[in-house]
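For the sequence shown, this note's numbering begins at 144 and goes up steadily by one.
Using N, Cα and C, we set each Cβ at its ideal position, and we do this for glycine too.
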Amino acid sequence: MFKRFVSFELIKSYKFEWILLVISLVLLGLIILWSIIAEIENISKREEDRLLTQARIIDNSISLIINSLNEVFIYTQDRINQGMLNNKDELIHEFKFFTRAVPIARTFAIINKDGKLIVSNREELVGFDSTNRDYFTIIKNNQIKNRLYISSPYVTSLGTWTITLSMMLEDKNGNFDGAMIATINPIMIKQILDSVSYSKDMRTSIISADGTLFLTTPNFDEILGTNIKQEGSLFSQYLTRNEKSSILNGKTYISNINRLVGFLKLKPEYIDIDQPTYVAISRDIDILYESFEEEISIYIFLYFILSIVLIPILYILQKRRYKLKLDEIETDRILKEKLEAFAYIDGLTEIPNRRHFDQVFEKEWEYCLRNNKTLCTILIDIDFFKKYNDFYGHQVGDECLKKVAQTLKNSLNRSHDFVARYGGEEFVVILPDTNFEGAIKIAEILRNSIKELNIPHKNSDVSNFVTISLGLSFVIPNNDITPEILLRRSDEALYQSKNTGRDKVSSLSL
144 MFKRFVSFEL IKSYKFEWIL LVISLVLLGL IILWSIIAEI ENISKREEDR
194 LLTQARIIDN SISLIINSLN EVFIYTQDRI NQGMLNNKDE LIHEFKFFTR
244 AVPIARTFAI INKDGKLIVS NREELVGFDS TNRDYFTIIK NNQIKNRLYI
294 SSPYVTSLGT WTITLSMMLE DKNGNFDGAM IATINPIMIK QILDSVSYSK
344 DMRTSIISAD GTLFLTTPNF DEILGTNIKQ EGSLFSQYLT RNEKSSILNG
394 KTYISNINRL VGFLKLKPEY IDIDQPTYVA ISRDIDILYE SFEEEISIYI
444 FLYFILSIVL IPILYILQKR RYKLKLDEIE TDRILKEKLE AFAYIDGLTE
494 IPNRRHFDQV FEKEWEYCLR NNKTLCTILI DIDFFKKYND FYGHQVGDEC
544 LKKVAQTLKN SLNRSHDFVA RYGGEEFVVI LPDTNFEGAI KIAEILRNSI
594 KELNIPHKNS DVSNFVTISL GLSFVIPNND ITPEILLRRS DEALYQSKNT
644 GRDKVSSLSL
């Protein structure tokens, strides 16, 4: 009787334990499922906020640029009202200044009421017939004072997509007298788009009011000019909402890939603009949730282990190990990012190092090869630097290297010019799209900038101060020439400078 009672109680206990286990596992499963759903929603919400934040950064940057161009047009109108067209040389000088002050504008120009371009910072454009250009015809047909017009995207003579901003030029009576235009440099806008990218799967695009895609980063030249304002497209859905900014997800019109897309209208409210442009910034949804899918797999694994072995402590240890592993991965990731950043900067001079130079040199060579542009390299050597170190000591020598490096860097005014420490007391400069005379001029500026530092060098055979010798070579890249040949010619030119007196610029062409 007792055995039967014990057996019954044991079976009852087993049933209770199994019922309790099933209830616990079901509850645990529901909790895990709720956590997964909540985290997916959190990831989606965080990413939506982040995409729109990046889009607003682009909006702020481009709005400031549009405002600057608008002010340039208004200023130019005032100057013309004062008779500036009678002194075109001074107007050209101001236009050239504007392109330096607002480098996103490649061209500033004046078009008369007959559609003929009469003044520009690019003199080769003077005389161009703009009669049929929409940035002229839209002004001629509307004639609204102080309104800024944005043209439809078009392909320039250089083969790049761009847009032109224009404003009506008035005579002294306020009547139509032509147009003022500014052609946008797409490379500068691309730099703005690149600056907000934080993931390899990100895509950022600028879209015109008619739906034409004319700028995207990373580069996908084959899709530029595509009109994405199609029925059912995400862009068309966004337009129907009539909102400043919005988030949509789904398959994109071009790639047919599921993406989370943030749209934002670029149209400063304080400027009278005829039509907006739009920015689209997106991420691949599959990649967005990729890391969390790994977490889901771990949850399922732990749940399976707990169901089989019924050892709660194992679950706790697994979770603890999991958390420690995540912390370790995060620490390694942060350390790796820091190491990657340091890998491209010379530790002493804080300018790009040889490794960084090699990558930039290869990219610039390919760019100039594709676009038939000139490419110039300058090798620079500090004169009698060994004697300087022997006389003043290596600590002072290091300070000298720092000053020289920073001075060389600050003496290059164009954004695409590049200087790096080549090794020891040698530096190298890359000058893309620069003619021979311009390269010589820049080299002389570099040489004089170092001389003007007036760093004492009593052991120099050429001066009482630190000087540099420069070797320059330039070429229009082609398939018969390698980058190494150009660099070797610059090195030969450098030796020519050193063997003929130092503190000078020597040049050799290919």
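Beta carbon of residue i nearer than 9 Å to that of residue j
i      : j      : result
Ser558 : Met323 : no
Arg94  : Lys394 : Absent from the model: residue 94. The displayed extent of the chain is 144 to 653, so no value can be given.
Phe617 : Leu630 : no
Arg564 : Leu544 : yes
Phe251 : Asn230 : no
Asp524 : Leu651 : no
Ile371 : Tyr396 : yes
Leu312 : Ile223 : yes
Asn255 : Asp337 : no
Gly317 : Lys288 : yes
Leu367 : Leu377 : no
Ser204 : Ile350 : no
Ile235 : Val215 : no
Leu168 : Ile390 : no
Asp604 : Phe527 : yes
Ile619 : Ile439 : no
Alpha-carbon to alpha-carbon, residue j and residue i
i      : j      : result
Val404 : Val562 : 38 Å
Asn328 : Pro599 : 43 Å
Lys492 : Trp177 : One detail in the question is off: residue 492 reads as Thr in this sequence, not Lys. Taking the straight line from one Cα to the other gives about 54 Å.
Ser592 : Thr550 : 7 Å
Ile448 : Gly172 : 13 Å
Asp541 : Ile573 : 24 Å
Tyr432 : Ile443 : 16 Å
Ser640 : Leu260 : 46 Å
Ser606 : Asp489 : 28 Å
Asp646 : Leu613 : 8 Å
Phe500 : Arg513 : 20 Å
Ala548 : Trp304 : 36 Å
Ile154 : Ser450 : Residue confidence for Ile154 is low, a pLDDT of 47 falling below 50, so the modelled location carries little weight and cannot support an answer.
Cys511 : Asn621 : 9 Å
Leu653 : Glu569 : 22 Å
Asp415 : Gly354 : 21 Å
Thr347 : Val422 : 7 Å
Leu555 : Glu471 : 42 Å
Ile686 : Glu436 : Given a span of 144 to 653 for the chain in the structure shown, any question on residue 686 remains unanswerable.
Pro296 : Leu356 : 8 Å
Ser187 : Ala181 : 10 Å
Val503 : Lys516 : 16 Å
Asn213 : Phe240 : 16 Å
Member of the options whose CA lies at the smallest distance from the CA of residue i
i      : options                        : result
Glu595 : Val609, Asp604, Gly172         : Val609
Gln220 : Phe406, Ile430, Ile253         : Ile253
Gly581 : Thr520, Val262, Ser211, Glu568 : Thr520
Lys343 : Ser351, Val422, Phe485, Ile430 : Ile430
Leu518 : Leu445, Tyr531, Tyr413, Ile624 : Ile624
Asn602 : Lys529, Glu635, Phe241         : Lys529
Thr634 : Lys315, Leu522, Leu555         : It should be noted that the sequence gives Asp, not Thr, for residue 634. The shortest C-alpha separation from Asp634 is found at Leu522.
Asp202 : Glu237, Ser309, Ile306, Lys387 : Lys387
Asn275 : Glu266, Glu267, Asp257         : Asp257
Gly566 : Arg498, Glu237, Lys546         : Arg498
Glu365 : Ser379, Ser398, Ala352         : Ser398
Leu268 : Arg249, Ile281, Gln380         : Arg249
Pro419 : Asn642, Arg290, Ser434, Glu237 : Arg290
Ile400 : Ile441, Asp232, Met345         : Met345
Status (buried if at least 16 other CB within 10 Å, exposed otherwise) for residue i
i      : result
Arg243 : exposed
Ile424 : buried
Leu170 : exposed
Glu184 : exposed
Arg384 : exposed
Gln197 : buried
Val298 : exposed
Gly644 : exposed
Tyr341 : exposed
Pro575 : buried
Phe406 : buried
Ala325 : buried
Ser649 : buried
Tyr292 : buried
Ala486 : exposed
Leu478 : exposed
Thr577 : buried
Asn285 : exposed
Ser309 : buried
Whole-angstrom C-beta distance between residue j and residue i, which should lie under 8 Å
i      : j      : result
Ser658 : Pro495 : No answer is possible for residue 658: it lies beyond the span of the chain, which begins at 144 and ends at 653.
Asp277 : Ser300 : Contact doesn't hold; Cβ gap of about 17 Å is too wide.
Glu505 : Pro361 : Not really, about 17 Å apart at Cβ, beyond 8 Å.
Arg426 : Glu190 : 6 Å
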